[in-house]
Amino acid sequence: MLAPHIRVWDSVSLNTLHIIGISDIERSVACLAFSKADGGSLLVAVDEAPDHNMSVWDWSRGERGYKMLETKCSADQVLAVDFSPVDRSTIITCGKNHISFWSYESGMLAKRMGIFENRERPKYVTSISFTDAGNVISGDSNGNLLIWQRGGNTVSKMVRGAHDGPVFSIFVQKDGAIITGGKDGRIVEWDRELERTGNIIEVPEQYGSPRVVTSGRGSQLVVGTTRNCVLEGTFTFPMRPVMQEHAQSAAFSSNGEIVLKFSPNGQYLAVGSRDNNIYVYQVSEDCRKYTRIGRCQGHASFVTHLDWSADSQFLQSNSGDYELLYWNAGLCRQIVQTSQMRDVEWASNTCTLTFATLGIWPEGADGTDVNTCAKANNTGLLATGDDFGKVKLFSSPACHQKARCLEYGGHSSHVTSVGFLHDDSRLITTGGRDTAVMQWVVSPTSPSASQR
Numbered sequence: 001m002l003a004p005h006i007r008v009w010d011s012v013s014l015n016t017l018h019i020i021g022i023s024d025i026e027r028s029v030a031c032l033a034f035s036k037a038d039g040g041s042l043l044v045a046v047d048e049a050p051d052h053n054m055s056v057w058d059w060s061r062g063e064r065g066y067k068m069l070e071t072k073c074s075a076d077q078v079l080a081v082d083f084s085p086v087d088r089s090t091i092i093t094c095g096k097n098h099i100s101f102w103s104y105e106s107g108m109l110a111k112r113m114g115i116f117e118n119r120e121r122p123k124y125v126t127s128i129s130f131t132d133a134g135n136v137i138s139g140d141s142n143g144n145l146l147i148w149q150r151g152g153n154t155v156s157k158m159v160r161g162a163h164d165g166p167v168f169s170i171f172v173q174k175d176g177a178i179i180t181g182g183k184d185g186r187i188v189e190w191d192r193e194l195e196r197t198g199n200i201i202e203v204p205e206q207y208g209s210p211r212v213v214t215s216g217r218g219s220q221l222v223v224g225t226t227r228n229c230v231l232e233g234t235f236t237f238p239m240r241p242v243m244q245e246h247a248q249s250a251a252f253s254s255n256g257e258i259v260l261k262f263s264p265n266g267q268y269l270a271v272g273s274r275d276n277n278i279y280v281y282q283v284s285e286d287c288r289k290y291t292r293i294g295r296c297q298g299h300a301s302f303v304t305h306l307d308w309s310a311d312s313q314f315l316q317s318n319s320g321d322y323e324l325l326y327w328n329a330g331l332c333r334q335i336v337q338t339s340q341m342r343d344v345e346w347a348s349n350t351c352t353l354t355f356a357t358l359g360i361w362p363e364g365a366d367g368t369d370v371n372t373c374a375k376a377n378n379t380g381l382l383a384t385g386d387d388f389g390k391v392k393l394f395s396s397p398a399c400h401q402k403a404r405c406l407e408y409g410g411h412s413s414h415v416t417s418v419g420f421l422h423d424d425s426r427l428i429t430t431g432g433r434d435t436a437v438m439q440w441v442v443s444p445t446s447p448s449a450s451q452r
């Protein structure tokens, strides 16, 4: 595992441009920011060491960047750091019991603590931003907003109770309007003078509280929430989810689940496991609750692939010993009379060993040569990936032996997964040893593709 470090990415290609801070950053990185006044040539970072070291980097200099200076930031937790948009020598940090104003000259950083005077000092200063004039706006754990005059460390204006609870995010738009988001689930608009405009968005509780607010296309706002949702909307049109509830690994089993599929109606989740069983769960409460309704027992080896029927009533599955079995999903019982499944419409076709995929197997192939397959949603195509690094396109169903196909190279080792986008415009493939993810453009006029 690499030591704590910072990666600078190209936001379009997602290529890593620079890796900086290896052997220089003592603990994990708590927060960081690019300079704004000069187009982002500098990078400031604060780590999680006991004294929360702050370092300023010329990140594009050399292969691993150049550390211009470093200093101890605070013994208390640091939550945010940012450069002034009008003066690249001014840096603000905030966190537990403090907001600090930094200026650097001749390789030295000078620090001034924010003075709250007769105002109650908050336990946490939770967020900071800048007006276009360079004034600092801070939000705190008491729900207050404060303006700190450019060049100073005293409060020039305070808005009490801007939010009912901590202010998580402050975003200043190009026209000078200020948008804040808080733990109370509200997104509030303010004018340049920090006066309410009357525009408020109440984020539905099911999505969580707004943690980050930023600009989208046109007048749209993009909001990241405490429940891992990404929302998009305006003060006129309601927020809608762009992404919901990202998953994160909480535990690892060395011989556990290997394949998962939601039913087309979204009410069930099927999990194929190393223990040769398929577990079926009922999904409720916006995918937050999973209740096991049964176990499909019958495979003599581990489950490799599975598909739901279009009506969410049946499952088909493959296993490591090349079996094809059918199941009544609601009862978790095997359907022995396979003729009953002849006319079932399948929502997907990821099982490599079915009557609809007989033709994808070349002569002399064993059961492991074709690793993955997927049918298009609307265009009648079937894509496969094999142990030889090849991606192939067939007409679906490919139910005749030696079915004709178009073959494409790109991966340097076995292809582990293939899948079409929802509109069939692209095919996404993943490699094994080459660890590559490739995107292919699918021609609308013929079953062909070209690598992108």
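For the sequence shown, full-length UniProt numbering gives the first residue as 1, with consecutive numbering after it.
We put the beta carbon where it would ideally sit given N, CA and C, even for glycine.
How should residue i be labelled, buried or exposed, when 16 other C-beta atoms within 10 angstroms of its C-beta is the threshold for buried?
{"i": "Asp-311", "result": "exposed"}
{"i": "Asn-15", "result": "exposed"}
{"i": "Trp-9", "result": "exposed"}
{"i": "His-422", "result": "exposed"}
{"i": "Val-44", "result": "buried"}
{"i": "residue 456", "result": "Beyond the ends of the chain as shown, which are 1 and 452, falls residue 456; an answer cannot be given."}
{"i": "His-52", "result": "buried"}
{"i": "His-411", "result": "buried"}
{"i": "Pro-204", "result": "exposed"}
{"i": "Val-415", "result": "buried"}
{"i": "His-163", "result": "buried"}
{"i": "Lys-289", "result": "exposed"}
{"i": "residue 491", "result": "Since the first residue of the chain shown is 1 and the last is 452, residue 491 is not available in this structure."}
{"i": "Ala-30", "result": "buried"}
{"i": "residue 484", "result": "Residue 484 lies beyond the residue range present for the chain, which begins at 1 and ends at 452; the question has no answer from this structure."}
{"i": "Pro-238", "result": "exposed"}
{"i": "Gly-21", "result": "buried"}
{"i": "Asp-38", "result": "exposed"}
CA-CA distance, residue i and residue j?
{"i": "Cys-94", "j": "Val-437", "result": "39 Å"}
{"i": "Ile-19", "j": "Ser-60", "result": "10 Å"}
{"i": "Gly-233", "j": "Asp-184", "result": "18 Å"}
{"i": "Val-78", "j": "Asp-369", "result": "53 Å"}
{"i": "Thr-161", "j": "Asn-144", "result": "The sequence shown places Gly at residue 161, not Thr. Gly-161 and Asn-144: Cα-Cα distance of roughly 5 Å."}
{"i": "Ile-360", "j": "Asn-378", "result": "19 Å"}
{"i": "Ala-374", "j": "Lys-392", "result": "11 Å"}
{"i": "Asn-318", "j": "Thr-354", "result": "8 Å"}
{"i": "Arg-452", "j": "Arg-240", "result": "Legend: pLDDT at Arg-452 = 36, less than 50; position of this residue unreliable, no value from coordinates given."}
{"i": "Thr-435", "j": "Gly-389", "result": "12 Å"}
{"i": "Leu-32", "j": "Ile-178", "result": "22 Å"}
{"i": "Arg-7", "j": "Leu-17", "result": "7 Å"}
{"i": "Asn-135", "j": "Glu-63", "result": "35 Å"}
{"i": "Ile-201", "j": "Thr-180", "result": "10 Å"}
{"i": "Ser-425", "j": "Gln-206", "result": "33 Å"}
{"i": "Asn-199", "j": "Thr-236", "result": "9 Å"}
{"i": "Ser-41", "j": "Ala-80", "result": "19 Å"}
{"i": "Ala-403", "j": "Ala-347", "result": "22 Å"}
{"i": "Gln-316", "j": "Ser-339", "result": "13 Å"}
{"i": "Gly-266", "j": "Ser-309", "result": "12 Å"}
{"i": "residue 462", "j": "Lys-261", "result": "The question about residue 462 has no answer here: the residues shown for the chain are numbered 1 through 452."}
{"i": "Val-86", "j": "Ser-395", "result": "60 Å"}
{"i": "Cys-287", "j": "Tyr-281", "result": "11 Å"}
{"i": "Pro-362", "j": "Asp-387", "result": "12 Å"}
Can you list, in chain order, the residues of its chain whose CB lies under 7 Å from that of residue i, leaving out five sequence neighbours each side?
{"i": "Gly-208", "result": "Thr-225, Thr-226, Arg-227 and Cys-229"}
{"i": "Ser-103", "result": "Ser-89, Thr-90 and Ala-110"}
{"i": "Arg-119", "result": "Val-155 and Met-158"}
{"i": "Asp-321", "result": "Ala-300 and Ser-301"}
{"i": "Tyr-279", "result": "Val-271, Ser-273, Arg-292 and Arg-295"}
{"i": "Asp-58", "result": "Ser-41, Leu-42, Gly-65, Tyr-66 and Met-68"}
Within a Cβ cutoff of 8 Å, which residues of the same chain sit near residue i, ignoring the five residues on either side of it in sequence?
{"i": "Arg-27", "result": "Pro-4, Asp-47, Glu-48 and Ala-49"}
{"i": "Arg-192", "result": "Thr-131, Gly-176, Ala-177 and Ile-178"}
Closest by CA to residue i, which one among the options?
{"i": "Arg-295", "options": "Asn-318, Glu-120, Trp-327 and Asp-321", "result": "Trp-327"}
{"i": "Val-442", "options": "Ile-428, Trp-148, Asp-434 and Pro-166", "result": "Ile-428"}
{"i": "Gly-176", "options": "Ser-215, Gly-151, Gly-165 and Asp-164", "result": "Ser-215"}
{"i": "Gly-151", "options": "Gly-114, Gly-139 and Val-213", "result": "Gly-114"}
{"i": "Met-68", "options": "Gly-40, Gly-107 and Asp-87", "result": "Gly-107"}
{"i": "Ile-293", "options": "Thr-304, Val-81 and Val-271", "result": "Val-271"}
{"i": "Thr-384", "options": "Ala-347, Tyr-408 and Ser-127", "result": "Tyr-408"}
{"i": "Leu-324", "options": "Gly-380, Gln-401, Thr-350 and Thr-416", "result": "Thr-350"}
{"i": "Ala-133", "options": "Pro-166, Pro-122, Trp-148 and Asn-142", "result": "Trp-148"}
{"i": "Arg-112", "options": "Asn-97, Gly-139, Asn-153 and Asp-140", "result": "Asn-153"}
{"i": "Arg-333", "options": "Ser-309, Phe-314, Asp-76 and Lys-36", "result": "Phe-314"}
{"i": "Thr-304", "options": "Glu-345, Gly-367 and Met-341", "result": "Gly-367"}
{"i": "Leu-221", "options": "Arg-196, Glu-189, Thr-197 and Glu-195", "result": "Glu-189"}
Who are the Cβ neighbours of residue i in its own chain at under 6 Å, not counting the five residues just before and after it?
{"i": "Met-54", "result": "Val-46, Thr-71 and Cys-73"}
{"i": "Asn-277", "result": "Arg-295 and Gln-297"}
{"i": "Val-212", "result": "Ser-169 and Gly-224"}
Write down the C-beta distance between residue i and residue j rounded to the nearest angstrom, noting that I regard them as a contact closer than 8 Å.
{"i": "Leu-306", "j": "Val-283", "result": "Their Cβ separation, rounded to whole angstroms, is 16 Å, which puts Leu-306 and Val-283 out of contact at 8 Å."}
{"i": "Thr-372", "j": "Val-418", "result": "5 Å"}
{"i": "His-98", "j": "Val-56", "result": "Not quite, the Cβ-Cβ distance comes to about 19 Å (not below 8 Å), so this is no contact."}
{"i": "Ser-138", "j": "Lys-123", "result": "That belief does not hold up - the Cβ atoms of Ser-138 and Lys-123 are roughly 13 Å apart, past 8 Å."}
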